[in-house]
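Below is one structure, written out as structure tokens; the observations come after it.
Residue numbers (my numbering): 3 to 67.
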């Protein structure tokens, strides 16, 4: 079994490859732009909701719904 590093790529439902590194860059920009902890929570929540929506989209494609 291969070990996954931070530069591992995943494919989302649109075919674009996204990297775990993108999340680190996003958090870095949020820190530079002065997002407080509350705004950072909204950013993480938006990212999590996108991941969940992508998962359910892929699940419905697999089941043919």
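Backbone N, C-alpha and C define an ideal beta-carbon position, used for all residues, glycine too.
Check	Outcome
Whole-angstrom distance between residue 61 and residue 54, CA atom to CA atom	10 Å
Three-state secondary structure assigned by DSSP to residue 61	helix
CA-to-CA distance, residue 29 to residue 9, given in whole angstroms	For residue 9, the predicted structure reports a pLDDT of 38, less than 50, and the residue's modelled location is therefore unreliable. The matter cannot be settled from this model.
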